[in-house]
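**Q** Can you read through this structure? Questions will come right after.
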Amino acid sequence: MRAQLPPLVTLARNGGSGHGRPMQTRGFVAALSALAFLLSACGLGERSDASKAIAGFLAAVQRDDLTAFEAGVDRAALRSDLRDQLAEVGKSRGMDVDGGASEFALDRMISPQAVRLAAAQTAPGWPAAPTPAQVTPRMKVRDLNHVCLEQAATKKCLLEFARRKGVWRLVGMPARSVAANALTGAP
Numbered sequence: 039m040r041a042q043l044p045p046l047v048t049l050a051r052n053g054g055s056g057h058g059r060p061m062q063t064r065g066f067v068a069a070l071s072a073l074a075f076l077l078s079a080c081g082l083g084e085r086s087d088a089s090k091a092i093a094g095f096l097a098a099v100q101r102d103d104l105t106a107f108e109a110g111v112d113r114a115a116l117r118s119d120l121r122d123q124l125a126e127v128g129k130s131r132g133m134d135v136d137g138g139a140s141e142f143a144l145d146r147m148i149s150p151q152a153v154r155l156a157a158a159q160t161a162p163g164w165p166a167a168p169t170p171a172q173v174t175p176r177m178k179v180r181d182l183n184h185v186c187l188e189q190a191a192t193k194k195c196l197l198e199f200a201r202r203k204g205v206w207r208l209v210g211m212p213a214r215s216v217a218a219n220a221l222t223g224a225p
């Protein structure tokens with residue numbers, strides 16, 4: 039003869055309502071939520087470091103501090119980005135320039151004035167030298183080593199930064215802003 043089990047054990051063993059699946063689902067949801075929270079926290083340090091670096095770079099740009107400007111620019115990466123953008127513009131207009139823009143032309147396009155023009159497009163009333171707290175909401179994190187300052191209205195990246203060897207540097211900006219700067223002859 040079998041011993042009679044208490045009713046709660048019988049319900050759980052038989053998968054009755056209130057036991058089994060719903061409890062497992064709650065546990066799964068709780069574990070998934072905890073994992074999502076931990077993964078989102080991983081990017082907080084990068085956002086903080088990047089926003090401080092971007093704010094410092096934009097302050098140097100505003101002061102026309104050429105030494106700090108050069109330290110905050112990955113000139114080779116920025117040249118490559120600008121060359122690719124200009125080649126695309128040329129192709130869209132039926133022109134194909136072998137080799138793209140010259141190093142001299144590209145270097146004329148990379149200046150504090152060009153960065154100021156691009157950064158000014160971030161949002162109406164955007165400060166010339168924003169604080170890290172002002173940068174953070176306008177910053178899009180692409181991955182742990184790439185962020186961009188985006189335009190509020192369009193969400194398009196205006197200034198792109200990459201972290202290399204622990205240092206954030208400007209690696210991309212819109213060619214239209216810098217082309218206008220080069221045409222005006224601004225330093």
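Just remember that the working numbering sits 38 ahead of the position in the sequence shown, which is counted from 1.
The C-beta atom is built at its ideal place from N, Cα and C for all residues, glycine as well.
Measure the alpha-carbon distance for Ala190 versus Gln172 and round it to whole angstroms.
**A** As the crow flies, the alpha-carbon of Ala190 is around 12 Å from that of Gln172.
**Q** Among the residues of its own chain, which have a CB less than 7 Å from the CB of Gln159, if the five just before and after it don't count?
**A** Gln189, Leu196
**Q** Within the same chain, show all residues whose beta-carbon is closer than 7 Å to that of Pro165, passing over the 5 residues directly before and after it, in chain order.
**A** Gln172
**Q** At the level of alpha carbons, what is the spacing between Pro212 and Asp87?
**A** 23 Å
**Q** Using the Cα positions of Arg214 and Ser89, report the straight-line distance between them to the nearest angstrom.
**A** 24 Å
**Q** Within 10 Å of its beta-carbon, does Arg117 have 16 or more other beta-carbons around it, so buried, or fewer, so exposed?
**A** Arg117 comes out buried.
**Q** Using 9 Å as the threshold, is the C-beta distance between Gln100 and Ala161 below it?
**A** no
**Q** Is the stretch 129–149 touching the stretch 173–188, taking contact as three or more C-beta pairs under 8 Å?
**A** no
**Q** Would you mind sorting Leu182 into buried or exposed? The rule is 16 or more other CB atoms within 10 Å of its CB.
**A** exposed
**Q** Within 10 Å of its beta-carbon, does Arg207 have 16 or more other beta-carbons around it, so buried, or fewer, so exposed?
**A** buried
**Q** How long is the line joining the alpha carbons of Gly169 and Gln151, rounded to whole angstroms?
**A** Checking the sequence shown, residue 169 turns out to be Thr, not Gly. Rounded to the nearest whole angstrom, the C-alpha separation of Thr169 and Gln151 is 19 Å.
**Q** Runs of 4 residues minimum, wholly inside the stretch 100–163: which ones carry the alpha helix (DSSP H) assignment?
**A** 104–109, 113–130, 141–147, 150–157
**Q** Starting from Ala200, trace the beta strand (DSSP E) both ways and give me its first and last residue.
**A** 195–202
**Q** Could you tell me the boundaries of the beta strand (DSSP E) in which Met211 lies?
**A** No beta strand (DSSP E) contains Met211, which DSSP labels as neither H nor E.
**Q** Would you give the residue range spanned by the alpha helix (DSSP H) that Pro165 belongs to?
**A** First-last for Pro165: undefined, no H or E at that position.
**Q** Name the residue from Glu198, Val205, Lys194 whose alpha carbon lies nearest to the alpha carbon of Leu120.
**A** Taking each of Glu198, Val205, Lys194 in turn and checking the Cα distance to Leu120, the smallest one comes out for Glu198.
**Q** Going by other Cβ atoms of all chains shown within 10 Å of its Cβ, with 16 needed for buried, is Gly163 buried or exposed?
**A** exposed
**Q** DSSP three-state call for Leu187: helix, strand or coil?
**A** strand
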